[in-house]
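Visitor: Just so you know, the sequence shown maps onto residues 1 to 257 in the UniProt record's numbering. All C-beta atoms, glycine included, are put in the ideal place defined by N, C-alpha and C. Supplied in structure tokens, the structure appears directly below.
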Amino acid sequence: MVNSTNHLADWTSLSPAQSRLTDEQSRIQAEIDAFERFCERLNDIPVHLSHANGGSLKTTICSWFHLSEPPQDIIECAYRETVLSVDHWMDAYGEDTVYESMANEFGAGIVAGVTGGSATWSPQLLTQLCIESTTAIETRQQTNQILKEEQEQLEDLHGSLALISEELAMVERGTDTFSECSRRLTTTRDHLDQLAVDHQAYLQQRSTSLVHDDLFASLVYSDLDIDHPGLAALATARDIHDRIEHQHWAGLTASST
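What follows is the structure in structure tokens.
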């Protein structure tokens with residue numbers, strides 16, 4: 001029975017999927033904030049450049065002012081207290097150490113520079129760390145934008161199914177003429193078909209995006225046992241519609257003629 005308290009969407013995984021999307025967006029935003037704080041910590045490290053002339057050669061000398069500990073320790077501490085302090089980081093990435101995480105995010109070359117001692121410490125290293133952090137931020141922002149688009153798609157579907165539910169509930173109540181009920185069934189069937197076409201087009205477009213389509217199946221929807229909750233919801237809605245339509249044409253729906 002489809003009624004005002006039992007919409008089509010209630011028979012689907014739309015609401016759980018939307019909840020998963022909201023949670024994942026919050027987690028990714030926490031990571032973005034952490035990388036931004038890491039960059040701020042790097043920018044707070046005082047560095048001074050001086051130039052020494054040696055004959056025809058000019059040598060640039062880098063010194064680290066007023067540091068109570070080696071730059072490596074400062075960078076390591078900054079990363080640990082920002083990125084690795086994100087609540088879900090260990091569960092999501094399984095990284096035990098600062099340098100394992102930095103290697104995965106920034107590359108082994110950056111780690112070699114950080115751990116190489118005075119021979120590799122330089123303002124350029126700090127700049128490169130910030131550049132790599134910015135890349136990590138931008139990648140996550142792109143992911144969040146794709147999650148936002150998915151959220152909007154599911155919200156629109158939820159609203160459309162609510163409207164279709166009202167139409168089908170009126171058919172089941174049998175207060176309209178048989179012809180009017182038939183019209184409602186045809187209209188809702190066409191609406192569901194168009195929603196399916198539109199959602200398929202969206203999924204096709206999404207599959208060509210920068211973030212691999214498996215993001216949803218393996219991460220966001222991993223515990224829902226479905227890869228595409230929008231399509232699954234539309235299939236469920238169509239099954240319910242067809243059952244009501246069959247009852248209608250079989251004369252089992254209490255409609256007047």
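Is the region 21 to 31 in contact with the region 236 to 254, if contact means three or more CB pairs nearer than 8 Å?
Guide: no
Visitor: For residue 11 and residue 137, I'd like the C-alpha separation in whole angstroms.
Guide: 37 Å
Visitor: Distance check for residue 157 and residue 104, CA to CA, integer angstroms please.
Guide: When rounded, the distance between both Cα atoms is 37 Å.
Visitor: Please report how far the alpha carbon of residue 34 lies from the alpha carbon of residue 188, in whole angstroms.
Guide: 47 Å
Visitor: Once DSSP output is grouped into helix, strand and coil, what is the label at residue 177?
Guide: strand
Visitor: Buried or exposed for residue 88, please, with buried defined as at least 16 other CB atoms from any protein chain shown within 10 angstroms of its CB.
Guide: exposed
Visitor: Taking only runs of the alpha helix (DSSP H) that begin and end inside the region 86 to 141, which ones reach a length of at least 4 residues, in chain order?
Guide: 89 to 93, 98 to 106 and 108 to 115
Visitor: Does residue 224 come out as helix, strand or coil in the three-state DSSP assignment?
Guide: coil
Visitor: Per the contact definition of three or more C-beta pairs closer than 8 Å, is the region 178 to 197 in contact with the region 228 to 238?
Guide: yes
Visitor: Taking the alpha carbon of residue 223 as the point to measure from, which residue in 85, 7, 19 and 9 has its own alpha carbon closest?
Guide: Closest by alpha carbon: 19.
Visitor: Among the candidates 115, 227 and 78, whose CA atom is the shortest distance from the CA of residue 215?
Guide: Looking at the Cα atoms, 227 is the closest of the given residues.
Visitor: So which of 143, 74, 32 and 147 has the shortest CA-CA distance to residue 42?
Guide: 74
Visitor: Between the alpha carbons of residue 106 and residue 162, how many angstroms are there, rounded?
Guide: Here the C-alpha atom of residue 106 lies approximately 46 Å from the C-alpha atom of residue 162.
Visitor: With DSSP run on the structure shown, which of helix, strand or coil describes residue 44?
Guide: coil
Visitor: Report back the beta-carbon spacing between residue 153 and residue 202 to the nearest angstrom; my notes put them in contact at under 8 Å.
Guide: 6 Å
Visitor: In whole angstroms, what separates the C-alpha of residue 59 from that of residue 119?
Guide: The pLDDT assigned to residue 59 is 41, lower than 50, so where the model puts this residue is not dependable; a value taken from the coordinates is nonetheless given after this. When rounded, the distance between both Cα atoms is 14 Å.
Visitor: For residue 81, report the span of its alpha helix (DSSP H) as first-last.
Guide: 71 to 82
Visitor: Grouping DSSP H, G and I as helix and E and B as strand, with all else coil, what is residue 160?
Guide: helix
Visitor: For residue 81, which option in 111, 31, 22 and 108 has the closest C-alpha, if you only look at C-alpha atoms?
Guide: 31
Visitor: So, are the CB atoms of residue 111 and residue 38 less than 7 Å apart?
Guide: no
Visitor: According to the neighbour-count rule (16 or more other Cβ atoms, all chains shown, within 10 Å of its Cβ), is residue 181 buried or exposed?
Guide: Flag for residue 181 reads buried.
Visitor: Comparing alpha-carbon positions, which option in 159, 160 and 185 lies nearest residue 170?
Guide: 185
Visitor: Give a yes or no on whether 7 Å exceeds the smallest Cβ distance from residue 134 to chain C.
Guide: Absent from the structure is chain C; it holds one protein chain and no more.
Visitor: Helix, strand or coil: how does DSSP classify residue 218 here?
Guide: Residue 218 carries a helical assignment under DSSP once its states are collapsed to helix, strand and coil.
Visitor: Whose C-beta lies closer than 7 Å to the C-beta of residue 5 among residues of the same chain, with five residues either side of it excluded?
Guide: Low per-residue confidence applies at residue 5: pLDDT is 37, beneath 50, and the placement is therefore not dependable enough to give any value.
Visitor: From what residue to what residue does the alpha helix (DSSP H) around residue 234 run?
Guide: It spans 229 to 249 - the alpha helix (DSSP H) in which residue 234 sits, taken as one unbroken run.
Visitor: Less than 7 Å between the beta carbons of residue 7 and residue 165, yes or no?
Guide: Yes; because the gap between Cβ atoms is below 7 Å, this pair is in contact.
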